[in-house]
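**Q** Residues in the sequence shown are numbered consecutively from 0, following numbering that gives the first Met the number 0.
Glycine included, each C-beta is placed from N, C-alpha and C at the ideal position.
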Amino acid sequence: MAFKKNKTKKGQIQVTFNWFYVLIAGGVILLFFFGIVMKQQKVSEENLAYDVVRIMESIFTGAGVSEKTKNFIDTSGLVDYTLYFNCDESVSEFGIRDKGSPAQNVVDPIFSPREIKTTQLILWSLPYKLPFKVIDLMFVTSWNTKYFVLGNNAFAEEFLNSTTGLNVIPIPDLNSVDPQKNFQIRIIDLTGSVQEGLPVPDKTTLMDDDKVTAISFIGTHSAQYFQKEGNSWRKAGDKIAIISLGGERDAAKYAAIFSQDSNIYQCNMMKVFKRFNFLLEIYEQKLKEIELYYVESPEKTLTKDCLGYIQAGQYEPNLQQALTLLKGNAKACSILFDHCADLIEASAKLKEANTNLGSKGDCLTLY
Numbered sequence: 000m001a002f003k004k005n006k007t008k009k010g011q012i013q014v015t016f017n018w019f020y021v022l023i024a025g026g027v028i029l030l031f032f033f034g035i036v037m038k039q040q041k042v043s044e045e046n047l048a049y050d051v052v053r054i055m056e057s058i059f060t061g062a063g064v065s066e067k068t069k070n071f072i073d074t075s076g077l078v079d080y081t082l083y084f085n086c087d088e089s090v091s092e093f094g095i096r097d098k099g100s101p102a103q104n105v106v107d108p109i110f111s112p113r114e115i116k117t118t119q120l121i122l123w124s125l126p127y128k129l130p131f132k133v134i135d136l137m138f139v140t141s142w143n144t145k146y147f148v149l150g151n152n153a154f155a156e157e158f159l160n161s162t163t164g165l166n167v168i169p170i171p172d173l174n175s176v177d178p179q180k181n182f183q184i185r186i187i188d189l190t191g192s193v194q195e196g197l198p199v200p201d202k203t204t205l206m207d208d209d210k211v212t213a214i215s216f217i218g219t220h221s222a223q224y225f226q227k228e229g230n231s232w233r234k235a236g237d238k239i240a241i242i243s244l245g246g247e248r249d250a251a252k253y254a255a256i257f258s259q260d261s262n263i264y265q266c267n268m269m270k271v272f273k274r275f276n277f278l279l280e281i282y283e284q285k286l287k288e289i290e291l292y293y294v295e296s297p298e299k300t301l302t303k304d305c306l307g308y309i310q311a312g313q314y315e316p317n318l319q320q321a322l323t324l325l326k327g328n329a330k331a332c333s334i335l336f337d338h339c340a341d342l343i344e345a346s347a348k349l350k351e352a353n354t355n356l357g358s359k360g361d362c363l364t365l366y
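Printed below as a string of structure tokens:
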């Protein structure tokens with residue numbers, strides 16, 4: 000009897016051990032297949048990121064040449080992902096946050112928030128002229144990035160009329176800001192109400208700091224970015240210069256509105272100014288050809304004096320002096336953004352000289 004009892008206990012231990020072994024083996028198998036699934040999921044997400052970025056490149060290229068056209072892109076399939084945009088040393092980068100294969104672009108300027116998470120992407124481009132057309136500036140935003148326009152002047156009216164289809168509304172004061180369920184907000188301050196250290200709007204205090212930003216325009220050619228820090232505003236970078244000749248739909252000013260901060264704005268504008276330098280070389284050659292045309296055909300300037308507005312010495316401003324000045328300023332600008340403000344006066348002189356030449360009737364103009 001004792002022998003049978005011991006044998007039974009031994010069998011029970013063996014059965015328990017077998018079940019324990021099965022559990023371990025099963026766990027190992029499950030972990031193995033779980034690892035495969037996770038690895039496959041990671042590969043799939045990386046492939047998705049790669050495909051999305053390549054598609055975005057194509058879309059951005061197309062939108063960049065669709066002058067003055069707004070493009071609304073359905074991104075509902077990417078609602079769980081965050082798109083990110085950055086620019087460093089004149090190289091733009093965009094992709095899916097925390098996923099590989101971002102795209103880089105050294106040619107096209109892209110002005111955008113740093114992050115976008117949305118079901119609808121909005122792309123819009125405007126021509127940038129200084130004084131001739133340099134390139135189309137592309138703005139990237141989303142339906143759930145909300146813009147509040149604070150101030151009542153000609154630019155506010157123009158901007159509201161120009162941004163039909165975008166999430167833009169006017170407000171009488173900062174207390175009227177209501178972010179609702181938008182991913183992020185941008186306050187366009189035309190009154191100087193946003194100041195460092197002052198409180199942010201009450202309804203934004205629970206939002207993440209980087210999702211509440213403002214840009215305050217100072218005079219005609221400068222602006223300051225701000226970002227929420229706790230319950231108050233802090234400056235986000237140094238004051239920026241708006242390099243433009245003004246006028247309606249000022250592309251440089253609009254680009255500042257759609258940029259996250261001074262870094263993204265200046266970085267992309269430096270790409271613009273590199274292209275500007277190449278174009279100036281072309282226009283310099285064109286001016287030489289126009290001058291030679293009139294020198295070799297003096298009978299064409301007997302009554303119109305076209306050469307007087309081309310060559311230095313007779314009229315001020317003239318194309319030769321204005322273009323030489325602009326070239327020198329553009330080279331300095333391409334080295335350091337702080338020097339770019341000098342382009343405004345030089346561009347205005349070139350525009351005036353070209354306009355005076357064109358007013359003489361049949362004289363050939365530079366652009």
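Quick check on the burial criterion: 16 or more other C-beta atoms within 10 angstroms. Buried or exposed for Pro297?
**A** Sequence index remark: in the sequence shown, residue 297 carries index 298 (1-based). Looking at its Cβ environment, which holds fewer than 16 other Cβ atoms inside 10 Å, Pro297 is exposed.
**Q** Considering Cα atoms alone, identify which of Leu349, Lys348, Ala347, Asn328 is closest to Cys339.
**A** Walking along the sequence shown from the start, residue 339 turns up at place 340. The shortest Cα separation from Cys339 among Leu349, Lys348, Ala347, Asn328 belongs to Asn328.
**Q** On the three-state DSSP scale, how would you describe Pro178?
**A** To locate residue 178, count along the sequence shown from 1; it is residue 179. Of the three classes helix, strand and coil, the one that applies to Pro178 here is coil, per DSSP.
**Q** Cα separation between Lys132 and Arg185?
**A** Mapped onto the sequence shown, residue 132 falls at position 133. Mapped onto the sequence shown, residue 185 falls at position 186. If I take the Cα positions, the gap works out to 29 Å.
**Q** How about Met137 and Pro108: do their beta carbons lie closer than 8 Å?
**A** Mapped onto the sequence shown, residue 137 falls at position 138. Mapped onto the sequence shown, residue 108 falls at position 109. The answer is yes: Cβ separation under 8 Å.
**Q** Consult DSSP for Arg185 and reduce its assignment to one of helix, strand or coil.
**A** Along the sequence shown, read from residue 1 onward, the residue named residue 185 stands at position 186. Looking at Arg185 - three-state DSSP - the assignment turns out to be strand.
**Q** Kindly list the residues whose CB is nearer than 8 Å to the CB of Val148, restricted to its own chain and excluding five residues on each side of it in sequence; keep chain order.
**A** Along the sequence shown, read from residue 1 onward, the residue named residue 148 stands at position 149. If we look at Val148 and ignore the five residues flanking it on each side, its Cβ neighbours are Ala155, Phe158, Leu159, Val167, Ile168, Pro169, Ile170, Ile187, Leu189.
**Q** If Ala251 sits next to Ile241, beta carbons under 8 Å apart, how far is it from one beta carbon to the other, in whole angstroms?
**A** In the sequence shown, residue 251 corresponds to position 252, counting from 1. In the sequence shown, residue 241 corresponds to position 242, counting from 1. The Cβ separation is near 5 Å, so the contact holds.
**Q** Kindly indicate which three-state DSSP category Gln39 falls into: helix, strand or coil?
**A** Counting from 1 along the sequence shown, the entry for residue 39 is found at position 40. The predicted model places Gln39 with a pLDDT of 48, which falls under 50 and marks its position as unreliable; any figure quoted below should be read in that light. In this structure, Gln39 counts as helix in the three-state DSSP scheme.
**Q** If we call anything under 8 Å between Cβ atoms a contact, is Tyr282 one with Tyr366?
**A** Position 283 of the sequence shown, counted from the first residue, corresponds to residue 282. Position 367 of the sequence shown, counted from the first residue, corresponds to residue 366. Result yes, Cβ atoms of Tyr282 and Tyr366 sit closer than 8 Å.
**Q** Cβ of Tyr224 within 8 Å of Cβ of Ser261?
**A** Reading the sequence shown from its first residue, position 225 is the one you call residue 224. Reading the sequence shown from its first residue, position 262 is the one you call residue 261. Yes, these two residues count as a Cβ contact at 8 Å.
**Q** Could you check whether Asn230 and Pro200 sit closer than 8 Å to each other, using their CB atoms as the reference points?
**A** Counting from one through the sequence shown, the residue named residue 200 turns up at place 201. Counting from one through the sequence shown, the residue named residue 230 turns up at place 231. For Pro200 and Asn230, no; Cβs fall outside 8 Å.
**Q** Does the beta-carbon distance from Phe93 to Ser258 come in below 8 Å?
**A** Counting from 1 along the sequence shown, the entry for residue 93 is found at position 94. Counting from 1 along the sequence shown, the entry for residue 258 is found at position 259. Going by C-beta atoms, Phe93 is not nearer than 8 Å to Ser258.
**Q** For Leu363 and Gln319, I'd like the C-alpha separation in whole angstroms.
**A** Along the sequence shown, one-based indexing puts residue 363 at 364. Along the sequence shown, one-based indexing puts residue 319 at 320. Roughly 14 Å between the two C-alpha positions.
**Q** Under 8 Å between the Cβ atoms of Thr81 and Pro112?
**A** Position 82 of the sequence shown, counting from 1, holds the residue named residue 81. Position 113 of the sequence shown, counting from 1, holds the residue named residue 112. In this structure, Pro112 does not lie closer than 8 Å to Thr81 by Cβ.
**Q** Going by the beta-carbon positions, is the gap between Ser91 and Asn70 smaller than 8 Å?
**A** Within the sequence shown, numbered from 1, the residue matching residue 91 stands at position 92. Within the sequence shown, numbered from 1, the residue matching residue 70 stands at position 71. No; because the gap between Cβ atoms is not below 8 Å, this pair is not in contact.
**Q** Sort Asp304, Ile343, Leu335, Gln310 by Cα distance to Ser441 and report the nearest one.
**A** Residue 441 lies beyond the stretch modelled for the chain, which goes from 0 to 366, so this question has no answer here.
**Q** Which residues bound the beta strand (DSSP E) around Thr144?
**A** Taking the first residue of the sequence shown as 1, we reach residue 144 at position 145. Element bounds for Thr144: 144-149.
**Q** I need the boundaries of the beta strand (DSSP E) containing Lys116, first residue and last residue.
**A** Counting from 1 along the sequence shown, the entry for residue 116 is found at position 117. Neither: Lys116 is in no beta strand (DSSP E) and is coded neither H nor E.
**Q** Between the beta-carbon of Phe182 and the beta-carbon of Lys227, is there less than 8 Å?
**A** Position 183 of the sequence shown, counted from the start, is the residue given in the question as residue 182. Position 228 of the sequence shown, counted from the start, is the residue given in the question as residue 227. The answer is no: Cβ separation not under 8 Å.
**Q** Taking the beta strand (DSSP E) that Asn85 belongs to, which residues open and close that run?
**A** Start at 1 with the first residue of the sequence shown, and residue 85 comes out as number 86. Its beta strand (DSSP E) spans residues 82-87.
**Q** In whole angstroms, give me the CA-to-CA distance for Lys145 and Pro178.
**A** Within the sequence shown, residue 145 is the residue found at index 146, counting from 1. Within the sequence shown, residue 178 is the residue found at index 179, counting from 1. Computed Cα separation, rounded: 7 Å.
**Q** Does Leu205 come out as helix, strand or coil in the three-state DSSP assignment?
**A** In the sequence shown, counting from the first residue as 1, residue 205 sits at position 206. Three-state DSSP puts Leu205 in coil, outside helix and strand.
**Q** Kindly indicate the opening and closing residues of the alpha helix (DSSP H) around Tyr308.
**A** Here residue 308 is taken as the residue at index 309 of the sequence shown, counted from 1. Element bounds for Tyr308: 305-309.
**Q** I need the DSSP call for Phe33, collapsed to helix, strand or coil.
**A** Position 34 of the sequence shown, counting from 1, holds the residue named residue 33. Note that Phe33 scores 48 on pLDDT, short of 50, meaning its location in the model is unreliable; the coordinates nonetheless yield the value given after this. Helix.
**Q** Report the CB separation of Ala347 from Asn317 in whole angstroms; it is logged as a contact under 8 Å.
**A** Taking the sequence shown and counting its residues from 1, the one referred to as residue 347 is at position 348. Taking the sequence shown and counting its residues from 1, the one referred to as residue 317 is at position 318. Not a contact, Cβ separation roughly 14 Å.
**Q** Do Leu349 and Leu322 have their beta-carbon atoms positioned less than 8 Å apart in this structure?
**A** Mapped onto the sequence shown, residue 322 falls at position 323. Mapped onto the sequence shown, residue 349 falls at position 350. In contact: Leu322 and Leu349 (Cβ atoms closer than 8 Å).
**Q** Taking Ser243 as the reference, which of Phe336, His220, Gln265 has the closest Cα?
**A** Translated into positions along the sequence shown, residue 243 becomes position 244. Closest option to Ser243, Cα to Cα, is His220.
**Q** Buried or exposed for Ile115, going by 16 or more other Cβ atoms inside 10 Å?
**A** As a working note, residue 115 is residue 116 in the sequence shown. Buried is the call here.
**Q** Roughly how many angstroms separate the alpha carbons of Asp207 and Gln119, rounded to a whole number?
**A** Within the sequence shown, the letter at position 208 stands for residue 207. Within the sequence shown, the letter at position 120 stands for residue 119. Answer to the nearest angstrom: the Cα atoms are 21 Å apart.
**Q** Please report the straight-line C-alpha distance between Ile121 and Cys86, rounded to a whole angstrom.
**A** Along the sequence shown, one-based indexing puts residue 121 at 122. Along the sequence shown, one-based indexing puts residue 86 at 87. Going from the Cα of Ile121 to the Cα of Cys86 covers about 19 Å.
**Q** Could you please give the first and the last residue of the uninterrupted beta strand (DSSP E) stretch that includes Thr212?
**A** Here the question's residue 212 lines up with position 213 in the sequence shown. Segment 211-217, the beta strand (DSSP E) holding Thr212.
**Q** Return the chain-ordered list of same chain residues with a C-beta closer than 7 Å to the C-beta of Thr117, the five sequence neighbours on each side being excluded.
**A** Within the sequence shown, residue 117 is the residue found at index 118, counting from 1. Counting only Cβ-Cβ distances below 7 Å, and skipping sequence neighbours, we find Thr74, Ser141, Trp142, Asn143, Phe182.
**Q** Measure the alpha-carbon distance for Leu306 versus Gly360 and round it to whole angstroms.
**A** Taking the first residue of the sequence shown as position 1, residue 306 is located at position 307. Taking the first residue of the sequence shown as position 1, residue 360 is located at position 361. Distance between the alpha carbons of Leu306 and Gly360 is about 13 Å.
**Q** If we ignore side chains and look at the alpha-carbon of each, how far apart do Leu205 and Asp341 end up?
**A** Mapped onto the sequence shown, residue 205 falls at position 206. Mapped onto the sequence shown, residue 341 falls at position 342. Straight-line Cα distance between these residues: approximately 42 Å.
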